[in-house]
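Residue 91 is where the sequence shown starts when you use the numbering used here, and the numbers rise one by one after that.
A quick write-up on the structure given underneath.
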Amino acid sequence: MSKQEFSKPILITGATGFLGRAVIARLLASTPAELIAPVRATSQQMAQERGAETLRSALDREPTAAEAARIRWVRGDIEEAQLGMSDSMWQAVATTTHDIIHCAASVRFDLDLDEAQRINVDGTAHLLELAVLASRLGGFGCFHHVSTAYAAGTASGLVDADHLPADSAGNFRNTYERTKARAERLLREQDRVEVAIYRPSIVGGDSVDGETDNWNVLYAPMRMIANGQLPVMPNSGLALVDSVGVDYVADGIVTLAQSDRGDYVGHHLTAGPDAFNVSQFVDTSVAISKLFGRTPSEPQLVGPARWAALTTGVGLAARAPKSAPKVRRWGRLGERGLKGFAPYSPYTGVSTRFDNRRERLMLGVAGVSMPPALDYLETIATYAIGTNFGKQPLVTNDVSAVVDGEPAAPPLIEGEPVEGDATEGEAVEVAR
Ligand SMILES: NC(=O)c1ccc[n+]([C@@H]2O[C@H](COP(=O)([O-])OP(=O)(O)OC[C@H]3O[C@@H](n4cnc5c(N)ncnc54)[C@H](OP(=O)(O)O)[C@@H]3O)[C@@H](O)[C@H]2O)c1
Numbered sequence: 091m092s093k094q095e096f097s098k099p100i101l102i103t104g105a106t107g108f109l110g111r112a113v114i115a116r117l118l119a120s121t122p123a124e125l126i127a128p129v130r131a132t133s134q135q136m137a138q139e140r141g142a143e144t145l146r147s148a149l150d151r152e153p154t155a156a157e158a159a160r161i162r163w164v165r166g167d168i169e170e171a172q173l174g175m176s177d178s179m180w181q182a183v184a185t186t187t188h189d190i191i192h193c194a195a196s197v198r199f200d201l202d203l204d205e206a207q208r209i210n211v212d213g214t215a216h217l218l219e220l221a222v223l224a225s226r227l228g229g230f231g232c233f234h235h236v237s238t239a240y241a242a243g244t245a246s247g248l249v250d251a252d253h254l255p256a257d258s259a260g261n262f263r264n265t266y267e268r269t270k271a272r273a274e275r276l277l278r279e280q281d282r283v284e285v286a287i288y289r290p291s292i293v294g295g296d297s298v299d300g301e302t303d304n305w306n307v308l309y310a311p312m313r314m315i316a317n318g319q320l321p322v323m324p325n326s327g328l329a330l331v332d333s334v335g336v337d338y339v340a341d342g343i344v345t346l347a348q349s350d351r352g353d354y355v356g357h358h359l360t361a362g363p364d365a366f367n368v369s370q371f372v373d374t375s376v377a378i379s380k381l382f383g384r385t386p387s388e389p390q391l392v393g394p395a396r397w398a399a400l401t402t403g404v405g406l407a408a409r410a411p412k413s414a415p416k417v418r419r420w421g422r423l424g425e426r427g428l429k430g431f432a433p434y435s436p437y438t439g440v441s442t443r444f445d446n447r448r449e450r451l452m453l454g455v456a457g458v459s460m461p462p463a464l465d466y467l468e469t470i471a472t473y474a475i476g477t478n479f480g481k482q483p484l485v486t487n488d489v490s491a492v493v494d495g496e497p498a499a500p501p502l503i504e505g506e507p508v509e510g511d512a513t514e515g516e517a518v519e520v521a522r
């Protein structure tokens with residue numbers, strides 16, 4: 091595929107999300123393209139209000155009038171046919187749209203298959219219909235689809251960005267991976283419009299300063315360690331944790347989308363051979379916590395058999411007779427932690443290496459790169475723990491101030507509850 095610079099209108103979904111906002115900021119800064127952004131809203135006015143708030147957050151400042159005028163915020167729900175738009179609106183949007191960047195998805199690991207299918211697969215099918223109509227009406231460039239490296243499922247060893255396992259539950263850790271793979275298959279098996287697929291691994295904070303407002307995935311176990319709530323963690327296989335900065339992923343998408351991609355459809359935005367592992371994640375989280383004056387857990391990493399025994403033990407303790415209230419209480423607290431952790435447990439045994447040699451080279455030439463993985467881990471841990479996970483400004487020269495801000499982390503599982511939704515976003519105790 092030859093080089094196609096963005097100059098014509100781009101429709102971007104998921105603009106309100108963590109990655110979508112970063113992509114929008116880059117499109118505004120580095121291309122002249124007009125943007126159309128469907129967002130979920132109950133009225134056009136609400137769509138505009140959500141848009142204005144999103145743009146402020148994406149730019150981290152008030153947008154200029156010219157920037158604001160370049161984005162048209164419209165009501166749109168990807169789960170609905172025509173995104174819920176009237177026929178005339180649908181036609182108008184298709185007539186205008188030249189490229190699509192499809193970021194919207196549910197990143198929850200714990201949805202049932204039907205629900206995940208509606209958002210991640212049917213949603214993609216609705217966008218594909220728009221692309222096909224746009225192509226018929228006047229011209230369409232490319233459907234840029236944001237997938238995940240974990241669409242490769244439970245494959246082990248080195249995989250390239252086109253690796254797609256058969257659609258069987260056993261090949262995937264959860265409905266998220268499976269439906270992201272299904273969406274890819276849908277796009278890969280059609281030939282009506284050109285498709286490019288971007289597969290980031292775990293998207294973390296900024297690669298330079300660690301900044302983030304998305305406290306999911308790696309940050310959940312990091313917070314538990316920092317709060318002294320994680321005495322034990324499962325660990326098996328190579329236990330690889332592949333994570334990249336949101337800036338790298340957004341720059342990578344915008345750069346690769348405008349590059350000569352040859353015949354390649356899938357593109358990894360991953361740490362690849364540089365990925366760190368669960369032990370390194372734990373060691374860094376503990377060390378940075380101590381640097382900020384905390385008393386972290388120093389979790390013991392246990393293999394699958396001991397982890398299984400532990401979870402059984404906790405279950406038995408939770409059901410202990412009322413005459414043993416301490417055991418019951420311990421069991422119930424433990425059970426609560428384990429329940430939140432369950433969706434992430436499979437990610438402590440990842441043996442997949444996401445080959446990124448081609449992409450790293452292409453992006454390196456364009457000046458888009460990631461720091462070494464362990465440096466990156468240190469950067470995001472410093473920002474996360476130094477801001478007490480977004481609750482206060484980063485204090486780097488007076489760590490006692492940070493600790494004073496949030497004294498005495500609560501003990502094992504008892505403190506901050508593990509928040510509800512388990513998402514790609516929210517590896518409760520262990521990285522995804
Ligand atoms: N975060 C990661 O670690 C990670 C890693 C690899 C790949 N990815 C991929 O990157 C993409 C963006 O993820 P993210 O982390 O930015 O997730 P996010 O912060 O949860 O954002 C998801 C976006 O999708 C939108 N959305 C969800 N359902 C929708 C619907 N029915 N109609 C319209 N919009 C809908 C959300 O809109 P609302 O604001 O209305 O909810 C939001 O804008 C996803 O495709 C994900 O699979 C993420």
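Cβ atoms here follow ideal geometry from the backbone N, Cα and C, with glycine treated the same way.
This one's a predicted model, so the numbers in the text were calculated from it and none came from an experiment.
ask   = Start and end of the alpha helix (DSSP H) containing residue 369?
value = 368-381
key: Member of 220, 192, 148 and 204 whose CA lies at the smallest distance from the CA of residue 183   = 220
key: Beta-carbon spacing of residue 364, residue 463 below 7 angstroms   = yes
ask   = How many angstroms separate the CA atom of residue 392 from the CA atom of residue 484?
value = 33 angstroms
inquiry  = Would residue 394 and residue 316 be called neighbours here (beta carbons separated by less than 7 angstroms)?
reply    = no
Contact test: residue 468 Cβ vs ligand 1 heavy atom, cutoff 6 angstroms = no
query = What are the boundary residues of the alpha helix (DSSP H) that residue 216 is part of?
reply = 213-227
task = Tell me where the alpha helix (DSSP H) around residue 189 begins and ends.
result = Where residue 189 is concerned, there is no enclosing alpha helix (DSSP H), although the beta strand (DSSP E) it sits in stretches over 189-192.
ask   = For residue 222, which residues from the same chain have a beta carbon less than 7 angstroms from its beta carbon, with the 5 sequence-adjacent residues on both sides left out?
value = 282 and 283
ask   = Is the number of C-beta pairs between the region 435-451 and the region 351-369 that are closer than 8 angstroms three or more?
value = yes
message = Tell me which residues share the same chain as residue 144 and place their Cβ nearer than 7 angstroms to its Cβ, disregarding the 5 neighbours each side in the sequence.
response = 105, 106 and 111
request  = State the start and end residues of the unbroken beta strand (DSSP E) segment that holds residue 289.
outcome  = 285-290
task = Report the rounded CA-to-CA distance for residue 211 versus residue 168, giving the unit in angstroms.
result = 10 angstroms
Straight-line gap, residue 519 to residue 434 (C-alpha atoms, nearest Å) = Since pLDDT at residue 519 reaches only 30, below the 50 mark, its modelled position is unreliable, and no value is offered.
ask   = Along the chain, where does the beta strand (DSSP E) that runs through residue 127 open and close?
value = 125-129
Buried versus exposed, by CB contacts within 10 Å (16 or more), residue 102 = buried
task = With a cut-off of 8 angstroms on the beta carbons, I'd call residue 265 and residue 202 a contact; round off their distance for me.
result = 7 angstroms
ask   = Just to confirm, are residue 285 and residue 230 a CB contact at a threshold of 7 angstroms?
value = no
inquiry  = For residue 134 and residue 299, what's the separation of their Cα atoms in angstroms?
reply    = 36 angstroms
key: Reference residue 313; option with closest CA among 347, 472, 151 and 120   = 472
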